[in-house]
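Take the working numbering: the last position of the sequence shown gets the number 398, and nothing is skipped along the way. Backbone N, C-alpha and C fix where the C-beta goes; we use that ideal spot for every residue, glycine too. Keep in mind the model is a prediction, meaning the values are calculated, not measured.
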Amino acid sequence: MKRATIIVKGEVQRVGYRDAVEKKARKLNITGFVENLKHYDVRIVAEGEDANIDQFIEQLEIKKIPIDVESTEVSFEPYKSEFEYFEIKRGDWHEELFERLDTAGALLYKSVELGEKSVALGEESVSIGKKTLGKQDMMLEKQDSMLGKQDDTIEAIRGVSEKIDSGKEEIVTEISSLRGDLRSYMENKFSKIEQEIEGIKVKIGMT
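Structure, rendered in structure tokens:
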């Protein structure tokens, strides 16, 4: 068991620091008190188990708006079993009332500050959303352009296909015409050959 006296410096008055200290002391079964000093410091006298006192001292260095502990000065004394519980030693009611109002004001300011940050984040999210929509519009325009080019390509292919079909028909017609000419030519040729054969037969007396 041991006793410690701690002087805490920083933003520790009128910011709810003593209430935070009291809660930590009760959780660690520490007895003693916390009080405001002039020149804006806070004094804590604490008694308890050695390990609990050491842990308590570490937890006193709070940096959570509006509280901002800058330093602590610790001195140890023999354990005296002087206290039954841990308490906040308060000043006159005017001083305590103003401290409560200051604490509430600091918390309200923090809430407003967080609200402004949330609004700023919301505006940033909207801006990012607009940029994203703009990019999507550009992508859709590019897709439309690509579809237009595809349509042009399809039309060109259709034109080529039609030309090929027309060429095929002309070739077939020409082949048919050639076949007709060839047949007529061969028939004339055979007719002449037959006539020549008949002439030969007459000459040699085969008829």
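Tell me, please, whether the segment 253-268 touches the segment 202-218 by the rule of three or more beta-carbon pairs shorter than 8 Å. yes
What residues in its chain sit with their C-beta under 6 Å from that of Q250, if we drop five residues either side in the sequence? K215
Which one or two residues does DSSP pair with S382 in a beta bridge? According to DSSP, which records beta bridges pairwise, S382 is partnered with nothing at all.
Considering only the alpha carbon of each residue, which of A237, L331, K340 lies closest to K271? A237
Uninterrupted beta strand (DSSP E) stretches inside the segment 195-274 (no shorter than 3 residues): 222-227, 233-239, 258-268
Would you mind working out which of V203, D241, F381 sits nearest K229, comparing C-alpha positions? V203
Alpha carbon to alpha carbon, how far is K262 from G239? The identity of residue 262 in the sequence shown is Ser, whereas the question assumes Lys. In a straight line, the C-alpha of S262 is about 22 Å away from that of G239.
Which residue's Cα is closest to the Cα of I235: E278, E304, S316? E278
Report the rounded CA-to-CA distance for G325 versus S336, giving the unit in angstroms. 17 Å
Within the same chain, show all residues whose beta-carbon is closer than 6 Å to that of G223, passing over the 5 residues directly before and after it, in chain order. V236, A237, E238, F274, F277
Between the CA atoms of E307 and Q341 - distance to the nearest angstrom: 51 Å
State the Cα-Cα distance for the pair I395 and K383, rounded to the nearest angstrom. 19 Å
Taking Cβ positions, are K193 and F247 nearer each other than 8 Å? no
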